[in-house]
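Participant:
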Amino acid sequence: MPDESNRNSQVGPSEVMPPEHSGTIVPPKSIYDRTLTWAAGLPWWAIILLVVAVAVLYSMVTSSVYRDIIESLTDDPQVSTDELFEVVQIVGEPTMIVGRYVGETQDSVQSVITQLLRNVIESELVTQSGFIQAADPATITIRTETGLVTIPRDRIETMEPPDATIGDDATITYIERITITGTLTERDGDTMTIRTVDEQIETFEKSRILSREGETIPCDREADPDCEDQEQVTIERAGREITGTLSTLSQTNLSLQPEGSPGTVEFRMGDLDFLYVPTLTIALHEAIVEQPVQPGDEVRIGFVEGTDITAALAEMENLEDVPVPLRYSDGTAQVVLVPYPDLAAALEATGAGELDATIYLDDGPERLAAADWVDENPDAGVVLPNPPSTCDRHCEVTVKLQDDTVSGIVVDETDEQISVRTQAAEYVVIDRDQIVDNRRMEPGTCALNNLRGCNEGIFLTLRVTFLAYGLALIIGLFVGLMRVSHNPVIYAISTLYVEVIRGIPLLVILLYAGFVFSPWLRDNTPLQLSDEWEAIIGLAFGYGAFVAEIFRAGIQSISRGQMEAARSLGMNYPQSMRYVILPQAVRVVLPPLGNDFIAMLKDSALISVLALPDLLQLGRLHISRTFRAFEGYNTVAILYLLMTLFLSFIVRTIERRARLPR
Amino acid sequence: MMSRNGEPIIRIENVHKRFHTLRGTVNALNGVSLDVMPGEVVLIVGPSGSGKSTLLRCINRLETVDAGQIVVDDIPLTGAKNINKVRAEVGMVFQSFNLFPDRTALGNIVLAQRVVRKRRRGDAVTRAHNLLAKVGIPDKADAYPAQLSGGQQQRVAIARALAMDPKIMLFDEPTSALDPEMIKEVLDVMLQLAKEGMTMVVVSHEMGFARAAADRAVFMDEGRIVEQGPPDKLFSSPSHERTQLFLSKIL
């Protein structure tokens, strides 16, 4: 307690004397300042209207108009991200249309439906057992243990017994609903078109074509005079040859880094036609593949004249696992080297049994010559055991994939390349009326060119921030009041809360809320928190401590005289707080509270650890799909910045309005 | 001692008050006894730290007493449950005004009437306007404290206290924080109050007010009442040495 002279000289912040003479020099106000002053002068409902107007403007900007503008400006439909929709819809309504978008006649629609139902659309079957209470041509009503169920007959899959009628017990399995998953491509007033299967187009060099059969499908010129005929082809094509540096080799898999490309390509051994290690090709007569060399045997080895047979033999000596017939190095066998004018002749001789083996060393363009000859002469009796690997990690290998067949519609053909659509996109058109539930409507991913994709995240972020901050204000106000209490128990409880919460990272508090508090609540009380509420509670508790300290500081910044004046007028403590101290304290703490509010908006990015699709999470989703980290994080950063600037403006407006006249 | 209407409205009996500070214990009041009769105007003077403000604050129970007893309007303050009722009967005016800066002059005067006296808004506002007229600033109803001069603020503070219809008014150095030219306007209001028969306990060194309005002057030093008597007598011929020394310094 200060003595009287001290108290007498005490002048609280609120008791500053009025300026007797206002300044004569008025500095020109900035536009920002003028806007702020103007906004501060608006009535409260105008502020709300302003906020709504901004929201409307935003939704207009993010509508399809914006998307169309982007598309027309860039002339690249790829810049706007597709919308992904998963729709759960009741099946069996007569108006439902399911069909292939391209090239289907009316007759084949039914089979397409069946196919789609089987492949693309998930049906949820439900089995109900009970007593048939009513039956009419369209429906059957059964009484189950839980109540009456009316089932349309056209959705019934099985009924046991099949001929059950009223009064019988029956077990009925029926389609309760089906789920259609795909990409929304078109939406009008009544229908939605969903692409359930993506188009697949294969483009490859014409040089790989081994054989080609085709027929022309004439198009319907009556319906569309400008249409072009389509060619349905079946192409047998040679497997690709890929040369590169070997990175891994195992019994089942092989991966290599193709020349001039940074990544690695992985193959299953089963898909490979041939693996060529260019240092050495060994061809064996098929009858002696596992035949060991006996002492005194003569091993006849053919080679191509002009090639370096010494180097080839040395290379073979280096192999760890030499094919059995060539294991002659104990010196008891006699090796006869037979020159041939070309490889084909040597291989032919090998197949004929004149030679035990042919060895061929070449890393030039003729790499696969031996393999090709063996392919062309399957009955020659020559085998090419995969060379046992001396090839360590970094040697250069060539793989040849197996030949395959491609069939589909030719969509593009040049002299070098041909593009074949192997699978047409499949579309489902559904009546919007029939949709009973949209399980997930993900409008693409969040990107600057598709802001609609960010909406969910923006609104989640805003919702969580506003609710959490509202809760934090309530917690903070009460704890702040407890912190200035003279009751030691109340003071201790509030101090414990503040110190504990303030000392734990917000991220950890959020994880506690999501994975400790929420499960506990679920197990011990009937309450079940959604992910969003877990995040809100976590943020609110984490920020409550800071807000409490702000309130405490604000309350303590009000001079004692205010409390004394209020008390001397006969108000009790709560009344004095409510009517005198808090209104002043709130004015003092508005700037730090606004600061905390904006900080919380930013910290709400942490809630993505609770698997909530907030703005950051959506941005990361975009990045994981497109690998465009710079753009993705830019989008997130810009949107956060816009939100905080907007909030900052609102906070300042409120501060300006709360300022006392002087 | 003057005696009016029999019973004293404030009875202070052998009050002790200690403050415990970091530097040690300060004995602010050492056995003070004082009775104030209804309608009486008592002036307390004394050097800084003599306990005069503490005594005033004890009457309002802004400070609790360690020993002794204070009875205001027949309600003993020690352990009183309805202390707020007593406070509402005792108006207090502070040296630093302590107006509520976020409320207009009118709002300052209306607030406690509404919250404590539960008056209807219309009644409270009418009363507030009357009081503002009484303290001479009827045109400042909508001004915020920061827009008023010190003298005007103090007069609003007086009006605020009067709005509760107190039986007693306590003034804690009401003019010390004011410019000399503003002191008079406040003293005029106080003089008028004294003429109307308000019981007042005033801590002040305003000799002019003392001579014009005070029924009794009390000199305090080191937590004790050294001397008391009619102001003229006390100021012109103090009997105690300490009083003489003090007066010689301030006069």
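So the protein sequences, as listed, match chains A and B.
Heads up: the first sequence at position 504 corresponds to 528 in the numbering used here, and the numbers run straight through without jumps.
Heads up: the second sequence at position 179 corresponds to 954 in the numbering used here, and the numbers run straight through without jumps.
Idealized CB from N, CA, C, for every residue including glycine.
(1) Just checking, does the stretch 304 to 322 of chain A make contact with the stretch 367 to 376 of chain A on the three C-beta pairs under 8 Å criterion?
(2) Could you name the residues that DSSP lists as bridge partners for N802 (chain B)?
(3) Using DSSP bridges, identify the partner residues of Q152 (chain A).
(4) Kindly indicate if chain B contains any beta-carbon less than 8 Å away from that of N511 (chain A).
(5) Give, in chain order, every residue of the stretch 589 to 613 of chain A whose Cβ lies closer than 8 Å to some Cβ of chain B.
(6) Can you tell me which of B:E981, B:A936, B:V846 and B:K856 puts its alpha carbon nearest to the alpha carbon of G882 (chain B)?
(7) Could you give the residue range of the beta strand (DSSP E) that holds P282 (chain A)?
(8) Nearest CA to the CA of L367 (chain A): which residue from A:E237, A:E265 and A:A381?
(9) Considering only the alpha carbon of each residue, which of A:E148, A:D178 and A:H646 lies closest to A162 (chain A)?
(10) What residue range does the beta strand (DSSP E) around T668 (chain A) cover?
(11) Report back the beta-carbon spacing between D1030 (chain B) and H791 (chain B) to the nearest angstrom; my notes put them in contact at under 8 Å.
(12) What does DSSP give as the partner residue(s) for E265 (chain A) in the beta ladder?
(13) Roughly how many angstroms lie between the CA atoms of I689 (chain A) and L639 (chain A), to the nearest whole one?
(14) Compare the C-alpha of L906 (chain B) against each of B:K856, B:Q967 and B:A863 and name the closest.
(15) Residues of chain A with CB under 8 Å from L837 (chain B), in chain order?
(16) Below 7 Å, is the gap between the Cβ of G925 (chain B) and the nearest heavy atom of the ligand HEM?
(17) In chain order, what are the residue ranges of uninterrupted alpha helix (DSSP H) at least 4 long that sit wholly in the stretch 919 to 970 of chain B?
(18) Can you have a look at P349 (chain A) and say buried or exposed, based on whether 16 or more other CB atoms are within 10 angstroms of its CB?
(19) Return the residue from the list A:V317, A:V430, A:N658 and A:V362 that minimises the CA-CA distance to T334 (chain A).
(20) According to the Cβ coordinates, are Q552 (chain A) and Q224 (chain A) closer than 8 Å?
(21) Which residue wins for smallest C-alpha separation from G320 (chain A), given the options A:V257, A:Y352 and A:P550?
(22) Who are the Cβ neighbours of P913 (chain B) in its own chain at under 8 Å, not counting the five residues just before and after it?
(23) Is the CB of D27 (chain A) under 8 Å away from at least one CB in chain B?
(24) Please tell me whether P543 (chain A) has its Cβ less than 8 Å away from any Cβ of chain B.
(25) Note down, in chain order, every chain A residue with its Cβ under 7 Å from the Cβ of D877 (chain B).
(26) Assess contact between the stretch 564 to 571 of chain A and the stretch 488 to 499 of chain A, defined as three or more Cβ pairs (one per stretch) separated by less than 8 Å. Is contact present?
(27) What does DSSP give as the partner residue(s) for V289 (chain A) in the beta ladder?
(28) Using a Cβ-Cβ cut-off of less than 7 Å, give me the residues of the stretch 938 to 954 of chain B that come near chain A, in sequence order.
(29) Roughly how many angstroms lie between the CA atoms of G116 (chain A) and V452 (chain A), to the nearest whole one?
(30) Would you mind giving the Cβ-Cβ distance between A921 (chain B) and L684 (chain A), rounded to the nearest angstrom? I have them listed as a contact below 8 Å.
(31) Taking 8 Å as the CB-CB cut-off, is E562 (chain A) touching chain B?
(32) Taking the alpha-carbon positions, what's the Y72 (chain A) to A916 (chain B) distance?
(33) What are the boundary residues of the beta strand (DSSP E) that S443 (chain A) is part of?
(34) If you follow the beta strand (DSSP E) that V817 (chain B) is in, where does it begin and where does it stop?
(35) Taking the C-alpha atoms as reference points, what is the distance between L809 (chain B) and A992 (chain B)?
(36) Return the CA-CA distance between T800 (chain B) and G998 (chain B), expressed in angstroms with no decimal places.
Facilitator: Taking the definition as stated:
(1) Because the criterion of three Cβ pairs below 8 Å is met, the stretch 304 to 322 of chain A and the stretch 367 to 376 of chain A touch.
(2) N802 (chain B) is bridged to B:R793.
(3) Answer is A:I196, bridged to Q152 (chain A).
(4) Residue contact check for N511 (chain A) against chain B: no CB pair falls below 8 Å.
(5) Per Cβ criterion, the list reads A589, A590, R591, S592, L593, G594, M595, N596, Q599, Y603, V604, P607, Q608 and R611.
(6) Selected option, being the one with the closest Cα: B:A936.
(7) DSSP places P282 (chain A) in the uninterrupted beta strand (DSSP E) bounded by N277 to P282.
(8) Looking at A:E237, A:E265 and A:A381, the one whose alpha-carbon comes closest to that of L367 (chain A) is A:A381.
(9) If we check each option's Cα against that of A162 (chain A), A:D178 comes out closest.
(10) Run containing T668 (chain A): none in the beta strand (DSSP E); it sits in the alpha helix (DSSP H), A653 to A682.
(11) Given a span of 776 to 1026 for chain B in the structure shown, any question on residue 1030 (chain B) remains unanswerable.
(12) In DSSP, E265 (chain A) forms a bridge with A:K424.
(13) Shown here, chain A extends from 25 to 686; a query on residue 689 (chain A) therefore has no answer.
(14) Out of B:K856, B:Q967 and B:A863, B:Q967 has the C-alpha closest to the C-alpha of L906 (chain B).
(15) One finds E588, R591 and S592 in chain A with Cβ atoms closer than 8 Å to the Cβ of L837 (chain B), taken in chain order.
(16) With respect to small molecules bound, the structure shown includes none, and the ligand HEM cannot be examined in it.
(17) Taking only runs of at least 4 residues, the alpha helix (DSSP H) segments lying wholly in the stretch 919 to 970 of chain B are 925 to 937 and 955 to 970.
(18) Using a 10 angstroms sphere on the CB of P349 (chain A), the tally of other CB atoms reaches 16 or more, which defines it as buried.
(19) Looking at the Cα atoms, A:V362 is the closest of the given residues.
(20) Note that the C-beta distance between Q552 (chain A) and Q224 (chain A) is not below 8 Å.
(21) With distances taken between Cα atoms, G320 (chain A) lies closest to A:Y352.
(22) In its chain, beyond the 5 residues on either side, H904 and L907 have a beta carbon closer than 8 Å to the beta carbon of P913 (chain B).
(23) Low confidence applies here, because D27 (chain A) scores a pLDDT of 43, under 50, leaving its location unreliable and the question unanswered by this model.
(24) So no, P543 (chain A) is outside the interface.
(25) Around D877 (chain B), the beta-carbon contacts reaching into chain A at under 7 Å are P607, Q608, R611 and L684.
(26) A contact is defined here as three or more CB-CB pairs under 8 Å, and the stretch 564 to 571 of chain A meets this definition with respect to the stretch 488 to 499 of chain A.
(27) Paired residue(s): A:L280.
(28) Answer in chain order: M939, E948 and S951.
(29) The predicted position of G116 (chain A) is uncertain, since its pLDDT is 43 and thus under 50; a value taken from the coordinates is nonetheless stated next. Take the alpha-carbon of G116 (chain A) and the one of V452 (chain A): they are about 14 Å apart.
(30) Between A921 (chain B) and L684 (chain A) a beta carbon distance of about 6 Å is seen, short of the 8 Å cut, so the two are scored as contacting.
(31) The identity of residue 562 (chain A) in the sequence shown is Gly, whereas the question assumes Glu. No, its Cβ sits nowhere closer than 8 Å to a Cβ of chain B.
(32) The residue you asked about is not Tyr; residue 72 (chain A) is Ile in the sequence shown. Distance between the alpha carbons of I72 (chain A) and A916 (chain B) is about 32 Å.
(33) Membership of S443 (chain A) in the beta strand (DSSP E) is indicated by the continuous run Q441 to Q447.
(34) Taken as a continuous stretch (DSSP letters only), the beta strand (DSSP E) holding V817 (chain B) covers V816 to V820.
(35) For the pair L809 (chain B) and A992 (chain B), the Cα-to-Cα distance works out to about 12 Å.
(36) In this structure, the straight-line span from the alpha carbon of T800 (chain B) to that of G998 (chain B) is close to 13 Å.
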